[in-house]
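Input: a single structure, listed below in structure tokens.
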Amino acid sequence: MEVTEQIQRLAEKHLNEGQFIVEVIASLKKTPNKLIVILDGDKGVTIDDCANLSRVLSDALDKMGFLKGAYMLEVSTPGLDHPLKLNRQYHKNIGRKVRVKRADNTVEGLLVKVTEDGISVEQETGKGKKKEIKEVRIPFVEIDKTFVLVTFK
111 MEVTEQIQRL AEKHLNEGQF IVEVIASLKK TPNKLIVILD GDKGVTIDDC
161 ANLSRVLSDA LDKMGFLKGA YMLEVSTPGL DHPLKLNRQY HKNIGRKVRV
211 KRADNTVEGL LVKVTEDGIS VEQETGKGKK KEIKEVRIPF VEIDKTFVLV
261 TFK
């Protein structure tokens with residue numbers, strides 16, 4: 111089993127209800143080793159949630175002697191520059207504006223639906239009387255990256 115999978119399993123044992131691990135990144139080539147655990151939740155996570163998981167995970171890693179030598183552990187939320195990776199994240203962001211990058215084009219619009227195999231985005235075209243809203247269905251296999259967009263309205 112890979113290091114990142116082991117750390118993810120260990121972290122998942124200490125999550126609160128509704129929380130989930132998006133990704134574990136391990137940079138083990140330089141010292142100190144660096145571990146990044148990306149934490150999210152169906153209703154969001156707080157800085158205290160990240161700090162608590164960091165303490166518990168650090169203690170568990172130390173007791174296990176899992177990593178040889180010094181390491182840096184960072185537990186954080188995905189942030190706006192981190193693309194959506196899990197179906198669960200898409201569900202959490204229904205009703206928000208997204209940018210979906212595909213191999214052949216980019217679609218921006220309101221995320222309105224998530225299924226097991228894809229998403230639907232309402233895309234606005236035209237202006238004024240020629241304004242149209244069309245629903246674009248995008249299978250997950252066609253998605254390179256999806257970012258949640260911040261709007262100030």
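Add 110 to a position in the sequence shown, counting from 1, and you land on the number used in the numbering used here. Beta carbons: idealized from backbone N, C-alpha and C, even for Gly.
{"Asked": "Reduced DSSP category for Gly189 - H, G, I as helix; E, B as strand; rest coil", "Found": "coil"}
{"Asked": "Backbone CA spacing between Val155 and Lys195 [nearest angstrom]", "Found": "17 Å"}
{"Asked": "Whole-angstrom distance between Glu184 and Leu221, CA atom to CA atom", "Found": "30 Å"}
{"Asked": "Three-pair Cβ contact test at 8 Å for the stretch 165 to 174 versus the stretch 229 to 237", "Found": "no"}
{"Asked": "Beta-carbon proximity list for Glu245, same chain, < 6 Å, skipping 5 on both sides", "Found": "Ser230, Glu232"}
{"Asked": "Assigned secondary structure, Gly219 (DSSP; H/G/I helix, E/B strand, else coil)", "Found": "strand"}
{"Asked": "As assigned by DSSP and simplified to three states, the class of Thr114", "Found": "helix"}
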